[in-house]
Every structure is written in C-alpha cells, then in structure tokens.
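First residue of the sequence shown? That's 1 in full-length UniProt numbering, and the numbers climb one at a time after it.
The next block holds one structure in the form of structure tokens; read it before the comments.
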Amino acid sequence: MKTELIIRSNSSGIDFALLKDGKLTALNNESNGNKFSVGDVFLAKIGKVLSGLNASFVNVGYPKDGFLHYHDLGAQLNSLNNFIKGISTGKIKDYTLKNFKLENDIDKNGSIVDVLKTGQNSLVQIVKEPISTKGPRMSSEISIAGRYLVLVPFSNRVSVSQKINDSNEKERLKRLVKSIKPKGFGVIIRTVAEGKKVAELDKDLQNSLERWVLMCKKIKDLKTQKTPIKVLSELNRASSILRDLFNDSFTSIVTNDEILFLEIKEYLQEIAPDKESIVKLYKSKVPMFEKFGIERQLKTSFGRTVSMSKGAYLVIEHTEALHVIDVNSGNRSNKASSQADTALEVNLIAATEIARQLQLRDMGGIIVVDFIDMHTAEHRQKLYDHMKAEMAYDRTKHKILPPSKFGLVQITRQRVRPELVIKTQEPNPSGAGEVEAPIVLIDKIEAELDKLIILKEHKKIVLNTHPFIAAYLKKGIPSIQQRWFAKYKKWIKILPRDAYQYLRFDFTDKNGKLLK
Numbered sequence: 001m002k003t004e005l006i007i008r009s010n011s012s013g014i015d016f017a018l019l020k021d022g023k024l025t026a027l028n029n030e031s032n033g034n035k036f037s038v039g040d041v042f043l044a045k046i047g048k049v050l051s052g053l054n055a056s057f058v059n060v061g062y063p064k065d066g067f068l069h070y071h072d073l074g075a076q077l078n079s080l081n082n083f084i085k086g087i088s089t090g091k092i093k094d095y096t097l098k099n100f101k102l103e104n105d106i107d108k109n110g111s112i113v114d115v116l117k118t119g120q121n122s123l124v125q126i127v128k129e130p131i132s133t134k135g136p137r138m139s140s141e142i143s144i145a146g147r148y149l150v151l152v153p154f155s156n157r158v159s160v161s162q163k164i165n166d167s168n169e170k171e172r173l174k175r176l177v178k179s180i181k182p183k184g185f186g187v188i189i190r191t192v193a194e195g196k197k198v199a200e201l202d203k204d205l206q207n208s209l210e211r212w213v214l215m216c217k218k219i220k221d222l223k224t225q226k227t228p229i230k231v232l233s234e235l236n237r238a239s240s241i242l243r244d245l246f247n248d249s250f251t252s253i254v255t256n257d258e259i260l261f262l263e264i265k266e267y268l269q270e271i272a273p274d275k276e277s278i279v280k281l282y283k284s285k286v287p288m289f290e291k292f293g294i295e296r297q298l299k300t301s302f303g304r305t306v307s308m309s310k311g312a313y314l315v316i317e318h319t320e321a322l323h324v325i326d327v328n329s330g331n332r333s334n335k336a337s338s339q340a341d342t343a344l345e346v347n348l349i350a351a352t353e354i355a356r357q358l359q360l361r362d363m364g365g366i367i368v369v370d371f372i373d374m375h376t377a378e379h380r381q382k383l384y385d386h387m388k389a390e391m392a393y394d395r396t397k398h399k400i401l402p403p404s405k406f407g408l409v410q411i412t413r414q415r416v417r418p419e420l421v422i423k424t425q426e427p428n429p430s431g432a433g434e435v436e437a438p439i440v441l442i443d444k445i446e447a448e449l450d451k452l453i454i455l456k457e458h459k460k461i462v463l464n465t466h467p468f469i470a471a472y473l474k475k476g477i478p479s480i481q482q483r484w485f486a487k488y489k490k491w492i493k494i495l496p497r498d499a500y501q502y503l504r505f506d507f508t509d510k511n512g513k514l515l516k
C-alpha cells in the first residue's frame with residue numbers, strides 16, 4: 001500500500017489529507033484560532049460540582065465549561081492534586097515522582113463531592129474537543145503520548161495494545177518496558193511498538209518524561225497567573241498524525257509551507273531518519289489539492305449520496321440521535337450468477353466504502369447500516385468478517401455487531417472531534433436552488449457509460465446533456481471526452497441540449513433512440 005500525506009497551509013489554517021493508493025481516507029483541519037485539541041493539559045478551576053450527575057464543570061477558557069465525570073478522575077486523583085499543590089508552593093522540586101509517596105486510590109463508586117470542591121484548581125486533560133453546543137470532555141487521568149509508548153503518571157501498571165496479537169511479542173515488550181520504566185509512572189505500549197528494540201522504546205519514553213518535567217516547571221512559574229492556563233500542548237497536527245500513523249508504507253509527505261517542511265523533516269530525523277527524503281516542498285502554481293485529485297474526491301465523497309464501483313451507491317442520513325446508511329445496488333449490470341451473489345458483492349463493496357466514510361467524515365456515536373438483504377448465514381458471516389477487517393485500520397474506538405434479524409449492522413464509534421461536513425452542492429445555473437457539483441454528475445455519467453460499453457450492443461453512442469455539462473466534458477487537453485476515447489476505444493459524441501435541466505442526461509444511438 002502506498003500512503004501519502006498532503007499538507008496545505010493557508011491563511012485560515014492547515015488542511016491534512018491522507019491518501020492510500022491515491023484514495024482519500026482521512027481529512028483533518030487545524031484552524032489558526034483553535035485553542036483546544038485532544039491531549040492538551042490545563043491547570044483549570046473547578047466550577048459547579050453536581051452530585052446528581054456525579055460530575056463537575058470545569059472552566060478551561062471555552063464559552064461552554066468542560067465536563068468532568070467522576071469516572072474520568074482517575075484512581076490517583078489525590079496524588080495528582082497533592083503533587084500539583086506541592087509544585088505550586090515550591091515544596092516539591094523533583095518532578096520525576098521517584099521520591100513521591102502515592103496516596104490511596106479514590107473509591108471507584110464514590111461521589112464527586114467528596115473529592116472535588118468548587119473553586120479549587122486541578123489538572124485536567126481534554127479527551128473530546130467541543131462538539132456542537134457541548135464544551136470539551138475532560139479527564140484528570142493525565143497521559144502523555146509518544147510514538148511507541150504512552151506515559152501515565154501516578155501508576156505502576158504496564159499494559160499492551162490489544163491490537164498486538166502475538167503473545168510472545170506482548171511478553172517481550174512488557175519485559176523491556178518494565179526494565180526502563182521510571183518509578184511512579186505507568187506505561188501503555190502502543191501497536192507501533194511491535195518489533196522495536198529497547199533503545200528506541202527508551203528514547204521515546206525519555207522524550208515523554210521530558211515533556212512531563214517541562215509541564216511541571218511551567219506550573220511552578222504560574223503562581224501569579226490566573227487559571228485556566230494551558231500547561232501542555234499536544235503536538236501540532238502534522239507531528240501528531242505522523243506520530244500515530246507513520247509507517248513503512250509512507251512514500252510521500254508534501255507541504256506548501258516552508259516552516260512546516262522543516263519541522264516535519266526534523267521530526268522524521270528523530271523517528272525515521274531513513275525516510276527523511278520523502279518530505280517535499282510543493283512549489284507548483286497548480287493548487288495542491290487539485291494536483292493530487294483531492295478536490296475531486298471531496299466533491300464526490302461528502303454528499304448525501306456516495307457513488308461506488310459498478311453503479312452501487314450509499315445514502316447517508318444524519319439525525320440528532322444516530323447516523324443511518326442505506327446501501328443500494330443501483331441500476332447495474334453484473335456477472336454474478338444469482339441475486340444472492342449480487343447482494344453479497346454489493347455489500348462487500350459497500351462495507352469497504354463505509355469504513356472509509358466513517359474515518360473520512362469522523363462520524364461518531366451510533367451508526368446503523370441497512371445492507372441489501374442476504375438470506376444465507378454464510379453470506380451474512382462473510383459480510384460481518386469483511387466489515388471488521390476493513391474497520392481494523394480505524395484507530396478510533398469502535399464496536400461492530402453482527403447483522404440483526406432485519407439485516408441491519410449496528411456500529412458504535414467514539415466521538416472525539418466534531419464531524420467533518422463539507423458542502424458539495426452548488427448554485428443551480430438554470431434557476432433557483434442548488435444542484436450537485438458537476439464532478440459528481442460526471443461520475444454518474446461515467447457509471448452509465450461503463451454499463452453501455454460492457455453490453456457491446458451499440459456501435460454509436462451519443463450523450464445528450466445540458467450545454468454547461470457538455471462544455472465541461474469538452475474543455476482542456478486532454479478533455480474528459482478524449483480520455484473516454486482512450487479508455488473505451490470508442491468516440492462518444494456529446495450533444496448539448498438547451499431544453500435539458502442541469503442534472504439530466506441521456507444516451508442515444510445515432511438515430512436518437514434512447515439507450516438503456
């Protein structure tokens with residue numbers, strides 16, 4: 001698999017597009033005005049403590065207060081609060097925890113009013129960015145993520161990612177990490193640590209420990225400043241993406257920002273020196289997202305209807321409570337031997353696209369998928385296994401249930417950031433309202449053309465379409481019409497029709513007879 005990261009910088013922020021074999025699989029944006037990212041740590045003031053919710057609100061400087069539930073406090077909340085108080089008063093000067101005495105764990109079924117008071121300062125970390133009308137979700141169980149390891153203060157536990165299946169490798173990693181783990185800190189071993197040597201793990205651990213010490217020094221110097229104050233920032237989005245996703249499949253990292261170019265090269269020198277040469281500075285006059293085909297994919301991937309191969313398509317609906325995805329086979333021709341085989345084929349294609357859509361749009365919460373009905377247990381199991389395999393690449397926590405008696409597949413996916421919504425419709429040039437972008441219509445035309453070419457029944461094919469669409473198909477060298485000729489070895493005549501509405505198109509033969 002070939003993986004490319006395209007980073008576009010402009011006045012409003014930075015866009016990150018991840019391509020796998022040329023297909024857009026993830027899109028992130030880092031706004032210049034964004035003050036809240038998952039992983040940021042704040043020294044903040046506790047607001048209202050609500051015994052009924054067993055939670056408190058926390059002022060972190062966002063218009064809506066953050067939400068901190070009792071179960072997100074962490075067992076060692078008292079140790080954390082005592083440590084922060086000791087730093088602030090100057091009594092604690094060694095930030096490594098090797099001489100710090102841990103307090104007893106708080107009661108896991110206790111009440112928040114017994115451990116937190118309104119107005120007190122506490123250290124909190126963002127685990128969910130602000131979404132819709134809600135403020136950020138907070139946790140007092142601080143963790144500092146590195147490339148291979150996650151450092152957890154006030155813990156002695158060493159755990160391994162569940163995605164590492166080899167039991168021998170799990171034991172090896174646990175043994176290595178226990179030999180280098182500093183006292184007073186727990187460690188979570190990440191999936192990418194598989195196969196790594198102790199020197200690499202230790203270097204990563206020391207980097208995270210250094211970030212913890214720098215954060216403590218910053219807290220010590222905040223005596224005269226009012227809370228809330230950000231005391232530890234998550235890495236910038238480019239570095240965090242590389243930290244979490246970078247592997248040997250990366251073949252190219254391209255950015256149009258010279259400062260980012262240098263930062264990424266410097267970061268790669270630390271984590272993968274042999275890959276430093278794949279970082280490129282983009283200087284062409286052609287817009288970046290046009291050059292790499294990203295703009296086209298944005299138009300075709302974010303609408304209510306998403307086209308797939310062989311004429312099949314998805315309809316994606318969003319409600320307040322959940323997301324609903326309907327799978328349709330479309331008006332398609334195929335070589336499947338039976339209706340059951342056709343349903344399975346379309347459902348497998350749809351499962352792959354749905355896994356991509358969930359990551360691309362960052363859809364969270366409850367997702368219900370209405371696949372085409374399948375009447376054999378073997379086919380339903382095959383679909384379920386395929387869906388799980390496709391979702392295995394999704395780093396966000398999720399759970400997939402087997403198809404129900406009604407043929408519905410239910411998915412839950414953790415909501416960490418606001419869902420990505422991109423407007424794909426454009427003003428209707430023929431009148432009021434909006435219509436699909438031309439590029440979406442072109443994909444539909446090509447899908448219909450594919451079916452006609454497969455049939456091999458028509459010597460002459462004429463495309464009748466709106467003049468605007470006809471002009472779009474003919475413009476440029478090579479034009480879309482010329483590319484069709486190279487692809488199909490057949491010249492498709494394009495006939496502008498003034499009477500046609502913008503979205504209408506028909507294929508006819510040379511005598512004007514409608515082709516179906």
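Note that beta-carbon positions come from the ideal geometry of N, C-alpha and C, so glycine has one too.
Keep in mind the model is a prediction, meaning the values are calculated, not measured.
Quiz item: Among all the DSSP beta bridges, which residues are the ones paired with His375?
Solution: As a first step, residue 375 is located in the sequence shown; it is residue number 375 there, counting from the start. None, per the DSSP bridge assignment.
Exercise. Report buried or exposed for Ser333, applying the criterion of at least 16 other Cβ atoms within 10 angstroms of its Cβ.
Key: Translated into the one-based positions of the sequence shown, residue 333 becomes position 333. Bear in mind that the predicted position of Ser333 carries a pLDDT of just 49, short of 50, making it too unreliable to give a figure here.
Quiz item: Can you tell me the Cα-Cα spacing of Asp202 and Ile188, whole angstroms?
Solution: Numbered from its first residue, the sequence shown carries residue 202 at position 202. Numbered from its first residue, the sequence shown carries residue 188 at position 188. Taking the straight line joining both Cα atoms gives about 13 Å.
Self-check item: When Ile294, Lys493, Asn156, Asn78 are compared against Leu24, the one with the closest alpha-carbon
Solution: Looking up residue 24 in the sequence shown gives position 24. Minimum Cα distance to Leu24 is reached at Ile294.
Practice problem: From the DSSP output, in three-state form, read off His318 for me. | Solution: Residue numbering aside, residue 318 sits at position 318 when the sequence shown is read from its first letter. In the structure shown, His318 sits in a strand (DSSP, three-state: E or B).
Quiz item: In whole angstroms, what separates the C-alpha of Val150 from that of Ile144?
Solution: As a position in the sequence shown, residue 150 is number 150, starting the count at 1. As a position in the sequence shown, residue 144 is number 144, starting the count at 1. Approximately 6 Å, taken between the alpha carbons.
Practice problem: Leaving out five residues on either side along the sequence, give the residues of the same chain with a beta carbon under 7 Å from the beta carbon of His318. | Solution: Taking the first residue of the sequence shown as position 1, residue 318 is located at position 318. No residues qualify anywhere along the chain.
Quiz item: How is Asn256 classed by DSSP in three states: helix, strand or coil?
Solution: Stepping through the sequence shown from its first residue, residue 256 is reached at position 256. Note: Asn256 maps to coil in three-state DSSP.
Quiz item: Is it a yes or a no for the region 495–504 touching the region 464–479, going by three-plus beta-carbon pairs under 8 Å?
Solution: yes
Practice problem: Please list, in chain order, all residues of the same chain as Ile271 whose beta carbon is under 8 Å from its beta carbon, the five residues on each side excluded. | Solution: What you label residue 271 is simply residue 271 of the sequence shown in a count that begins at 1. Around Ile271: Arg147, Leu242, Arg243, Phe246.
Practice problem: Would you be able to state if there are at least three C-beta pairs under 8 Å between the region 126–138 and the region 58–69? | Solution: yes
Self-check item: As assigned by DSSP and simplified to three states, the class of Gln162
Solution: Counted from its first residue, the sequence shown places residue 162 at position 162. Looking at Gln162 - three-state DSSP - the assignment turns out to be coil, as it is neither helix nor strand.
Quiz item: Alpha carbon to alpha carbon, how far is Leu53 from Leu116?
Solution: Mapped onto the sequence shown, residue 53 falls at position 53. Mapped onto the sequence shown, residue 116 falls at position 116. So the alpha carbons of these two residues sit roughly 14 Å apart.
Quiz item: Which ranges would you report for the beta strand (DSSP E) in the region 111–199 if only whole runs of at least 3 residues count?
Solution: 121–128, 137–139, 149–153, 158–160, 185–189
Quiz item: Mind checking Ser79: buried by the 16 CB within 10 Å criterion, or exposed?
Solution: Residue 79 sits at position 79 when you count from the first residue of the sequence shown. Its Cβ being crowded by 16 or more others within 10 Å, Ser79 is buried.
Quiz item: Who does Ser307 pair with in a DSSP beta bridge?
Solution: Counting from 1 along the sequence shown, the entry for residue 307 is found at position 307. According to DSSP, Ser307 bridges with Tyr313.
Self-check item: Inter-residue Cα distance where the pair is Ser329 and Asn511
Solution: Reading the sequence shown from its first residue, position 329 is the one you call residue 329. Reading the sequence shown from its first residue, position 511 is the one you call residue 511. Computed Cα separation, rounded: 31 Å.
Self-check item: Pick from Ser249, Asn81, Ser239 that is closest to Phe100, judged by C-alpha positions
Solution: To locate residue 100, count along the sequence shown from 1; it is residue 100. With distances taken between Cα atoms, Phe100 lies closest to Asn81.
Quiz item: Just the Cα atoms here: how many angstroms apart are Glu234 and Leu27?
Solution: Along the sequence shown, one-based indexing puts residue 234 at 234. Along the sequence shown, one-based indexing puts residue 27 at 27. Distance between the alpha carbons of Glu234 and Leu27 is about 18 Å.
Quiz item: Ile372 and Ala343 look like a contact to me (Cβ under 8 Å); what is the Cβ gap, rounded to whole Å?
Solution: As a working note, residue 372 is residue 372 in the sequence shown. As a working note, residue 343 is residue 343 in the sequence shown. Yes, they are in contact, since the Cβ atoms of Ile372 and Ala343 sit about 4 Å apart, within 8 Å.
Practice problem: Give me the Cα-Cα distance between Ser404 and Phe302, rounded to the nearest whole angstrom. | Solution: Position 404 of the sequence shown, counted from the first residue, corresponds to residue 404. Position 302 of the sequence shown, counted from the first residue, corresponds to residue 302. Going by the C-alpha atoms only, they are around 28 Å apart.
Quiz item: With contact counted as at least three CB pairs below 8 Å, one residue from each stretch, are the region 4–20 and the region 251–258 in contact?
Solution: yes
Quiz prompt | Nonlocal neighbours in the same chain, by C-beta distance under 7 Å from Cys216, ignoring five residues either side | solution = Position 216 of the sequence shown holds residue 216. Excluding positions up to five away in sequence, the list reads Ile87, Tyr95.
Exercise. Please determine if the region 374–386 and the region 400–420 are in contact, where contact requires at least 3 C-beta pairs separated by less than 8 Å.
Key: yes
Practice problem: State the DSSP-derived secondary structure class of Gln410, mapped to helix, strand or coil. | Solution: Numbered from 1 along the sequence shown, position 410 holds the residue referred to as residue 410. Gln410 falls in the strand class under three-state DSSP.
Practice problem: Tell me, please, which residues DSSP counts as bridged to Asn29. | Solution: Counting from 1 along the sequence shown, the entry for residue 29 is found at position 29. In DSSP, Asn29 forms a bridge with Asp15.
Exercise. Please name the residue in Asp15, Leu19, Asn10 whose C-alpha comes closest to that of Met1.
Key: Indexing the sequence shown from 1 puts residue 1 at position 1. The shortest Cα separation from Met1 among Asp15, Leu19, Asn10 belongs to Leu19.
Exercise. Could you tell me which of Gly90, Lys299, Lys456, Asp274 sits nearest to Leu222, measuring between CA atoms?
Key: As a working note, residue 222 is residue 222 in the sequence shown. Of Gly90, Lys299, Lys456, Asp274, the residue nearest in Cα terms is Gly90.
Quiz item: Is it true that the CB of Gln481 sits closer than 8 Å to the CB of Ile469?
Solution: For the purposes of this step, residue 469 is taken as the residue at position 469 of the sequence shown. For the purposes of this step, residue 481 is taken as the residue at position 481 of the sequence shown. In this structure, Gln481 does not lie closer than 8 Å to Ile469 by Cβ.
Exercise. Within its chain, find whatever has a CB closer than 6 Å to the CB of Glu426; leave out the 5 residues flanking it on each side and keep chain order.
Key: Your numbering for residue 426 matches position 426 in the sequence shown. Counting only Cβ-Cβ distances below 6 Å, and skipping sequence neighbours, we find Ala437.
Quiz item: How long is the line joining the alpha carbons of Asp72 and Asp40, rounded to whole angstroms?
Solution: Walking along the sequence shown from the start, residue 72 turns up at place 72. Walking along the sequence shown from the start, residue 40 turns up at place 40. Near 15 Å, if we compare the C-alpha coordinates of Asp40 and Asp72.
Self-check item: DSSP three-state assignment for Ser333, whether helix, strand or coil
Solution: Translated into the one-based positions of the sequence shown, residue 333 becomes position 333. Only weak support is given to the placement of Ser333: the predicted model assigns it a pLDDT of 49, under 50, and the question is left unresolved by the model.
Exercise. Please go through the same chain and pick out, in chain order, the residues whose beta-carbon is closer than 8 Å to the beta-carbon of Lys475, but skip the five residues on each side of it.
Key: In the sequence shown, the residue the question calls residue 475 occupies position 475. Taken in chain order, the list of residues that qualify is empty.
Exercise. Could you tell me if His323 is buried or exposed, where buried requires 16 or more neighbouring beta carbons within 10 angstroms of its beta carbon?
Key: In the sequence shown, the residue the question calls residue 323 occupies position 323. So His323 counts as buried.
Exercise. In the DSSP assignment, find the unbroken alpha helix (DSSP H) run with Ser301 in it and report its ends.
Key: Counting from 1 along the sequence shown, the entry for residue 301 is found at position 301. Element bounds for Ser301: 294–301.
Quiz item: Should Glu434 go down as buried or exposed, given a rule of 16 or more other Cβ atoms within 10 Å for buried?
Solution: Counting from one through the sequence shown, the residue named residue 434 turns up at place 434. So Glu434 counts as exposed.
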